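Chains X and A are the protein sequences, given in the same order.
Those letters in the first sequence? Residues 53 to 338, by our numbering.
Those letters in the second sequence? Residues 53 to 338, by our numbering.
These notes concern the structure reproduced below.
Protein chains: 2
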Amino acid sequence: MDPHLLRTFVAVAEAGSFSAAAERLGYTQSAVSQQIAALETDLGLPLLRRRPVEPTEAGARLLEHAGPLLLRLRAARADVLRTAALPAHRLTLAAAPLALNPALAARLARGRAEQPRLRVRLRTTGRDLVAAQVAAGEADLGLTDGITAPSDPLRLPDSGPMTRIGVSEEELVVALPPGHPLAGRTGLRLADLVDARWLATPLCPLERLRDLVGDGFRAGLDYQGEDVHTVRNLVAAGHGLTLLPASAGPGVPLAAPRLVHRVELVHPSLPPGPAARLAAALSPSS
Amino acid sequence: MDPHLLRTFVAVAEAGSFSAAAERLGYTQSAVSQQIAALETDLGLPLLRRRPVEPTEAGARLLEHAGPLLLRLRAARADVLRTAALPAHRLTLAAAPLALNPALAARLARGRAEQPRLRVRLRTTGRDLVAAQVAAGEADLGLTDGITAPSDPLRLPDSGPMTRIGVSEEELVVALPPGHPLAGRTGLRLADLVDARWLATPLCPLERLRDLVGDGFRAGLDYQGEDVHTVRNLVAAGHGLTLLPASAGPGVPLAAPRLVHRVELVHPSLPPGPAARLAAALSPSS
DNA sequence: ACCTGGTATAAGCAACACTGATGGACCCGC
DNA sequence: GCGGGTCCATCAGTGTTGCTTATACCAGGT
């Protein structure tokens, strides 16, 4: 169960080929073959079926573990190295597309004004990657978002001990195409929309809605990106409904159930320094 | 960041000595010294101060990560191996001291009656160890408990992807010595007891109460074990108050805040088989 | 100053993990 | 049905790693 072997196992499973994985990892095909064989004899089980290469049941189980494990390893390394790093006057903020709403953008501005010498680099990344990047030390601070009941924390993939603070909760609106029969309402109940056609997008995952409300939410167009502007255009063209935070565009307020768009600041334990000051600036009512 | 090295690092930090750790791990002192040196050069930082041996700041950070990391590794291995194991007709159930309350004991009896061929081994372990043992494959099913708001999940240390189901929620009572001025009440508010003297015990950790209610809860005797019988004797002798589930003994019901003693069944993803059937039997209203 | 308990370093050796070459299984087009 | 191509398994060879043993080094107690 050497992480080294785990890494090539993941690469092989992803690539669907020993040779391709070998190339990607800078090994020879022979080395990869031997590494997989070593893993399999160690566990006493075949992990991959060959030709075509696909995980066995045991392999699939291992794959589920491997990702988080390798992430935690990177996180541990990054966390240790951070203790030695001088307080940088240049730091990276990773934010999911909907996370940096107007309120937070304003707080970020205030935070930057407090520390004029500080160079901030902002990066927009996929919602799932924010925590991973922060854990791995590729970003110093992260902002993720999601839909929850008021004051409930977000469900994030585990990536080691990190601080998570809710920094914003905002009303949700149902985005509708102009001229939609419900567009004039002052509030909508989600339960009344279970039979509507919904946009399937990572920005408002339908599984999450089904978790919260129940079955339904038929998928219309399946949009794989995370670009808010594009999503609004898709909604306007009638490809399906979606939920957005009120600040992200017009829509009819969601009256029930009580759900909010929540943004969380995620960061490793910070020593006092520029990063900690910026984190404080991003926190509410500071 | 080889787990091998991580393991000896943890051992050295715990033992407080290279030589002692070497003996414990079956290495020579020289090997341990080299392993620690390898870790330190890999990370580019000193992790331990020598003579006396104690972690540096970076080392302390690494220690925080190492435990969970190694646990997850064991969990991954156990989980993979489980896919190959034949459905055993002998399985182990790990339970925290307060987890196997009368209701669950009854359900366990029913579950065993359903599968007369099944040999069940029950083991009582520390509350924190239950999840770890299940993750590591040392137990097939686990029962943990804790104090939460109704229908809130317990806060458990992360040990990989495992299913957790609430199987019991029960009223809490304040255990008081006989003849205590409040003993005759029909209900007590926790807020009225913040200034009382409380037993410090893992069965009802005072930090948890402070989390839920606020400061206060002065510690009386510090009891390190998890034996319920002993705790009740300590309460009776006036060493301090404590909270217990109603089924664990007499006491005055806790009227506010609304807190419950919750028991959760924790298990890895189970293929259909005896373990899954027993898990179903332990689940509520089955 | 000397001994004791402890960590670091040096040399030697066995095991490991890679490379490169070869062999065998399968797929495909002809 | 045959030849070529693709892909994984295996083998032999080799450099590296990681252990052990032996020894140097360092601090504290006597």
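Glycine is no exception: its CB is placed at the ideal position from the N, C-alpha and C atoms.
Since we're looking at a predicted model, the values are computed, not measured.
Taken in chain order, the unbroken stretches of alpha helix (DSSP H) that lie wholly in the region 292-334 of chain A and span 4 residues or more are 326-334. Neighbourhood of ASP131 of chain A in chain X, by CB distance below 7 Å: ARG113, HIS117, in chain order. When DSSP states are grouped into helix, strand and coil, ARG103 of chain A belongs to the coil group. Of all residues in the region 89-101 of chain A, those with a C-beta nearer than 7 Å to a C-beta of chain X are LEU95, LEU97, reading in chain order. Using a CB distance cut-off of 8 Å, GLU109 of chain X counts as an interface residue toward chain A. Looking from the CA of ARG241 of chain X, the closest CA among X:ALA183, X:LEU311, X:VAL182 belongs to X:LEU311.
Between VAL226 of chain A and LEU286 of chain A, the C-beta spacing is not below 8 Å.
Using a Cβ-Cβ cut-off of 8 Å, LEU122 of chain X does not count as an interface residue toward chain A, since no Cβ of chain A sits closer than that to its own. About 18 Å separates the beta carbon of ARG179 of chain A from that of ASP192 of chain A, a gap too long to meet the 8 Å contact definition.
Not a single CB atom of chain A sits nearer than 8 Å to the CB of PRO209 of chain X.
With a minimum length of 3 residues, the unbroken runs of beta strand (DSSP E) contained wholly in the region 86-164 of chain X fall at 142-147. DSSP places GLU221 of chain X in no alpha helix (DSSP H) but in the uninterrupted beta strand (DSSP E) bounded by 215-227. For a cut-off of 8 Å, the C-beta gap from THR144 of chain X to ARG173 of chain X is around 5 Å, short enough to register as a contact.
Counting only Cβ-Cβ distances below 9 Å, MET214 of chain X has no contacts in chain A at all, with the closest Cβ about 11 Å away. Rounded to whole angstroms, the separation of the alpha carbons of ALA157 of chain A and HIS319 of chain X is 43 Å. A contact is defined here as three or more CB-CB pairs under 8 Å, and the region 320-328 of chain A fails this definition with respect to the region 246-265 of chain A. A distance of 8 Å or more separates the beta carbons of HIS141 of chain A and ARG164 of chain A.
Annotated as proximal: ARG124 of chain X and GLY212 of chain X, with beta-carbon spacing under 8 Å. Between LEU99 of chain X and THR108 of chain X, the C-beta spacing is below 8 Å. In the structure shown, THR196 of chain X adopts extended strand secondary structure according to DSSP, grouped into three states. LEU114 of chain A places its beta carbon 8 Å or farther from that of ALA288 of chain X. Secondary structure note for ALA188 of chain X: it is in no beta strand (DSSP E), with a DSSP letter that is neither H nor E.
For PRO324 of chain X, no CB of chain A lies under 8 Å from its own CB, so it is not counted at the interface with that chain. The beta carbons of THR177 of chain A and ALA146 of chain A sit closer together than 8 Å. The residue from X:PRO336, X:ALA73, X:ALA327, X:ARG102 with its alpha-carbon nearest to that of VAL186 of chain X is X:ALA327. A Cβ-Cβ separation of about 7 Å places SER335 of chain X in contact with LEU317 of chain X under the 8 Å criterion.
DSSP places ASP274 of chain X within a strand segment (E or B) once states are collapsed to three.
Taking a contact as a CB-CB distance under 8 Å, the pair PHE61 of chain A and LEU91 of chain A counts as one, their CB atoms being some 6 Å apart. At a cut-off of 8 Å between C-beta atoms, PRO309 of chain A does not count as an interface residue with respect to chain X. Contact annotation: ALA183 of chain X and PRO209 of chain X have beta-carbon atoms nearer than 8 Å.
DSSP places LEU57 of chain A inside the alpha helix (DSSP H), whose first and last residues are 55-67. In this model, GLY236 of chain X and VAL304 of chain X are separated by some 8 Å (Cα to Cα). Sequence-distant partners of VAL265 of chain A (beyond 5 residues in either direction) whose C-beta falls short of 6 Å from its own C-beta, in its chain, are LEU242.
The bridge partners DSSP lists for ARG171 of chain A are A:ARG142. About 6 Å separates the beta carbon of LEU255 of chain A from that of VAL283 of chain A, a gap short enough to meet the 8 Å contact definition.
Put simply, the CB of LEU125 of chain A is near chain X, with a gap under 8 Å to one of its CB atoms.
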